[in-house]
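Position 65 (the sequence shown) corresponds to 71 in the working numbering; numbering is contiguous.
Beta carbons: idealized from backbone N, C-alpha and C, even for Gly.
These numbers come from a predicted model, not from an experiment.
Only one structure is covered here, and it is reproduced in the block below.
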Amino acid sequence: MTDLQRNALLEAGVEIDEALERCMNNENLYFRCLSKFIEDTNYDKLIQAIESGDAGTAFEASHGLKGVCLNLGLSALCIPVSEIVEVFRNGSLDYRPENFEALKIGYERTINTLKNIL
């Protein structure tokens, strides 16, 4: 991992060392997993579920997104998505808009960072 890549990931709120441990300290594996995150559809499914008022699908998508974020060390996304998951878990769509906005901003920032360094 180059210094540029490391610094960009750290600035995006990525817990690199913890995530690398999950990947047996294999940077190539970790970067392959990060590139798969760009293709992950859970965020899009979450948006669609919210727009259609489907709390069940919103829960499934947000829960999947949360798991991926935790495993990849994408800590900037973990707090807002975790809070949203708990709302949807109870079958409600009454999430706090500021949590969703933080998720949206963090997600876009993370995706842009990954696209720039991978």
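Supposed contact pair residue j and residue i - C-beta distance, whole angstroms, cut 8 Å
i	j	result
Tyr36	Leu52	So it is not a contact: roughly 24 Å between Cβ atoms.
Leu10	Ile111	23 Å between Cβ atoms; not a contact.
Ser58	Val91	That belief does not hold up - the Cβ atoms of Ser58 and Val91 are roughly 18 Å apart, past 8 Å.
Val87	Phe43	With 8 Å as the limit, Val87 and Phe43 do not qualify as a contact, their Cβ atoms being about 13 Å apart.
Leu109	Leu83	6 Å
Residues bridged to residue i [DSSP beta-bridge criterion]
i	result
Val20	Leu80
Per-residue DSSP class, three states only, for residue i
i	result
Cys29	coil
Leu124	coil
Asp100	coil
Gly59	coil
Asp9	helix
Residue i Cβ short of 8 Å to the ligand ADP heavy atom set
i	result
Phe37	You won't find the ligand ADP in this model; it holds no ligand whatsoever.
Status (buried if at least 16 other CB within 10 Å, exposed otherwise) for residue i
i	result
Gly3	Only positions 7 to 124 of the chain appear in the structure, and residue 3 is not among them; the question remains open.
Thr116	buried
Gly79	buried
Leu16	exposed
Using a Cβ distance threshold of 8 Å, determine whether the region 92-106 contacts the region 20-34, with at least three qualifying pairs required. Contact fails: fewer than three Cβ-Cβ distances are below 8 Å.
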